[in-house]
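Please read the structure below before turning to the comments.
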Amino acid sequence: MTNQIGVHALVWVGGWSPDEARKAIESTKAAGYDLIELAAIDPSTFDTDLTAKLLQDNEIGAAVSLGLTDDTDVSSEDPDVVARGRALLLDAVHLVRDVGGSYLGGVIYSKLGRYAAPVTERGRASSVESIAWLADRAADAGVTLGLEFCNRYETNVLNTTEQTLAFIDDVDRPNVVAHLDVYHMNIEEVSFSEAVHRAADAGRLGYVHLGESHRGALGTGSIPFEEFFTALHDVDYDGVLTFESFSSEVVHPTLSSNLAIWRNTWTDSMQLALNARAFIRTHYGA
Numbered sequence: 001m002t003n004q005i006g007v008h009a010l011v012w013v014g015g016w017s018p019d020e021a022r023k024a025i026e027s028t029k030a031a032g033y034d035l036i037e038l039a040a041i042d043p044s045t046f047d048t049d050l051t052a053k054l055l056q057d058n059e060i061g062a063a064v065s066l067g068l069t070d071d072t073d074v075s076s077e078d079p080d081v082v083a084r085g086r087a088l089l090l091d092a093v094h095l096v097r098d099v100g101g102s103y104l105g106g107v108i109y110s111k112l113g114r115y116a117a118p119v120t121e122r123g124r125a126s127s128v129e130s131i132a133w134l135a136d137r138a139a140d141a142g143v144t145l146g147l148e149f150c151n152r153y154e155t156n157v158l159n160t161t162e163q164t165l166a167f168i169d170d171v172d173r174p175n176v177v178a179h180l181d182v183y184h185m186n187i188e189e190v191s192f193s194e195a196v197h198r199a200a201d202a203g204r205l206g207y208v209h210l211g212e213s214h215r216g217a218l219g220t221g222s223i224p225f226e227e228f229f230t231a232l233h234d235v236d237y238d239g240v241l242t243f244e245s246f247s248s249e250v251v252h253p254t255l256s257s258n259l260a261i262w263r264n265t266w267t268d269s270m271q272l273a274l275n276a277r278a279f280i281r282t283h284y285g286a
């Protein structure tokens, strides 16, 4: 298979200081991965020149993901909040470009967190308008936007493949794709195979997160990987497969709280990453 295999930065580090950047990228290389996904909750904290050099020196690609907050939620009905969200997202696009990447994904269409009510019609429209606005600027930077639909406790805008494809239709930009995450699909989807085929048939299957049902080691939970991998092969998916796992062993100041990471699902980052890469090689073939 020709798929690039990635690993989320929070497998290695909780921040992105120069020492953390070096550790994360060099560890990604040592574990046999092709790409690292940077968690850019605050893009302004990244040293883009250093990151770009480390990536180049280690021959590692980069994707970027983030989730918005209450103060930057582009699905808000408050125009000031939306404006702050758009500014943050544009900074993230520039980060992707400046480190040599081409993909920005995650919960970029709403805040990452639990809502107390369904999204409003105006809020959804604001989110669609913001992603369309961002997509035009991302296209100029050579960046694709991936909408990672998440479970009901982490967003009220996009929870399923079907919702995401309808949203993308409304955005109507060629550089916007569906970002499938099996952890969230395990909560919200009726069929893994149907979800993959639906996204592929629409021409919008663009990025994949591989994570276990408990956020720990691949193959030790309840995710139906055989069904999922078979479906990816059926549609000839040739995009990135990124391993994502979280433990209180590695803590990000805000993301760990947003994702409710309260316990150690693992303690040894390198062993976790090596085992995950072996699992993907064995069960997917990449």
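Counting from 1, one number per residue, gives the positions in the sequence shown under UniProt numbering. For each residue, glycine too, the CB sits at the ideal point set by N, CA and C. These numbers come from a predicted model, not from an experiment.
Per the C-alpha coordinates, the member of THR45, GLY61, THR51 positioned closest to GLY6 is GLY61.
DSSP places LEU95 inside the alpha helix (DSSP H), whose first and last residues are 79-98. For GLU194, the secondary structure class from DSSP, reduced to helix, strand or coil, is helix.
Of the candidates ALA141, THR161, THR144, THR161 places its Cα closest to the Cα of CYS150. The beta-bridge partner set that DSSP reports for VAL64 consists of LEU38, LEU104.
With contacts defined as CB atoms closer than 8 Å, TYR183 and PHE229 fail to qualify as a contacting pair. Distances from the alpha-carbon of HIS214 to those of GLU244, VAL171, LEU95, ARG204 put GLU244 closest.
When only Cα atoms are considered, VAL74 and SER130 end up about 7 Å apart.
Its Cα nearest to that of THR69, the residue ARG84 stands out among ARG84, LEU210, ALA63, VAL250.
GLY15 sits in coil when the DSSP states are folded into three classes, being neither helix nor strand. VAL96 is a Cβ neighbour of VAL64, given a cutoff of 8 Å. With respect to the 8 Å criterion, VAL93 and ARG137 are classified as neighbours on the basis of their beta carbons. Sixteen is the threshold: when 16 or more other Cβ atoms of the shown chains lie within 10 Å of the Cβ of GLY105, as they do, the residue is buried. DSSP, read as helix, strand or coil, puts PHE246 in coil. In the three-state reduction of the DSSP assignment, SER75 falls in the coil class, being assigned neither a helical nor a strand state. Taken in chain order, the unbroken stretches of alpha helix (DSSP H) that lie wholly in the stretch 115-194 and span 4 residues or more are 121-140, 161-171, 182-188.
Secondary structure of SER110 (DSSP, three-state): strand.
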